[in-house]
Amino acid sequence: MRLCRFSYEDSVRSGVVVGDGVRPLGDLLPRLAANAAAGDMRAVLEGGPGLLDALRAALAADGGAAIPLDAVRLLAPIANPSKIICSWVNYLNPAMAKLPDSPIFFSKYDSAIIGDGEAIRLPRAGSDIVVEPEMTVVIGKPGREISEADAMAHVGGYTIVNDVTAFSHRLQILVGATGPYMMAKTFDTFAPMGPWLTTADEIADPHALEVRQYLNGELRTHANTSGAVFRIPALISYLSNFFELRPGDIILTGSPPPDSGKPDFLTEGDEVRIEIEGLGVLRNPVVAAA
1 MRLCRFSYED SVRSGVVVGD GVRPLGDLLP RLAANAAAGD MRAVLEGGPG
51 LLDALRAALA ADGGAAIPLD AVRLLAPIAN PSKIICSWVN YLNPAMAKLP
101 DSPIFFSKYD SAIIGDGEAI RLPRAGSDIV VEPEMTVVIG KPGREISEAD
151 AMAHVGGYTI VNDVTAFSHR LQILVGATGP YMMAKTFDTF APMGPWLTTA
201 DEIADPHALE VRQYLNGELR THANTSGAVF RIPALISYLS NFFELRPGDI
251 ILTGSPPPDS GKPDFLTEGD EVRIEIEGLG VLRNPVVAAA
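Position 273 (the sequence shown) corresponds to 273 in the UniProt record's numbering; numbering is contiguous.
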């Protein structure tokens, strides 16, 4: 299923995308009415596989009319994750002197989240803004100290996140050290997410998905998730040794390098489009700071 959050008639709701329309979850399962009406996707994930199975059964049995997709505004599928965890240096890159021995992570704040079609704002406090297309895992089942063998059972689904970054605030620029720096990563609007959450059962192999990123219609990155150094089970297992992973937590799995080997710096008026096989298309215009 393609689960979504959307705005319609001045209210935010949760739904499932069916063809060219959206069915509100509260219409399909009355027990979800309160959470669905509030657009709370975490509550849906917390219901576990049983709730998702009930949704599938309700869809199969219910022939009700859907709201046309062009009549709604899709929002980021997860608005309030307890954690936004981002993988750093997780794709093979000719510029890397050596591969890391274990995964490396940084975080973003949820104030950076925007949805499909919303604008990336170029901040006054940062410059040299680049985009990083990332297949993203959404946790569906809580757990600590999860083994790699059990890790995929904790995946609720997948979405696309654009890990927007201000190169002006990388540690390499500021102090000459190599590594991620949160302030470069978490300006407002620096985590476009969407267009929806594709449930895990829809993706046979998340490590074999085509990734394409376009800038103003020109293909700039074409890669495959098979290029990740650390795969999803390794990421989940490693992280769960430090803290509990909870439904709705999102884990960005890293970005492949651009085809040219050099990043493109965004300017006002640009449009970024990211396509990941099976997960949809995420589009965001670029605007100057208000």
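Backbone N, C-alpha and C define an ideal beta-carbon position, used for all residues, glycine too.
Please read all numbers here as calculations on a predicted model, not as lab measurements.
- Boundaries cannot be given for Ser127, as no alpha helix (DSSP H) includes it and DSSP labels it neither H nor E.
- The region 158-165 and the region 42-54 do not touch, with fewer than three beta-carbon pairs separated by less than 8 Å.
- Rounded to the nearest whole angstrom, the C-alpha separation of Ser255 and Leu235 is 14 Å.
- Closest in alpha carbon position to Glu202, among Gly115, Ser11 and Thr159, is Thr159.
- For Tyr238, the uninterrupted alpha helix (DSSP H) segment begins and ends at Ile232 to Ser240.
- Of the residues assessed, Glu275 falls on the buried side of the cut-off, its CB having 16 or more other CB atoms within 10 angstroms.
- Membership of Val287 in the beta strand (DSSP E) is indicated by the continuous run Gly280 to Ala288.
- In the three-state scheme derived from DSSP, where H, G and I count as helix and E and B as strand, Pro24 is classed as strand.
- Ser102 sits exposed, since fewer than 16 C-beta atoms from the chains shown fall within 10 Å of its C-beta.
- The C-alpha of Ala125 is placed about 18 Å away from the C-alpha of Ile113.
- Going by DSSP, Val18 is part of the beta strand (DSSP E) stretching over Ser11 to Val18.
- Here the C-alpha atom of Arg283 lies approximately 16 Å from the C-alpha atom of Cys4.
- For Phe167, the three-state secondary structure derived from DSSP is helix.
- With fewer than 16 other CB atoms across the displayed protein chains lying within 10 angstroms of its CB, Lys262 is exposed.
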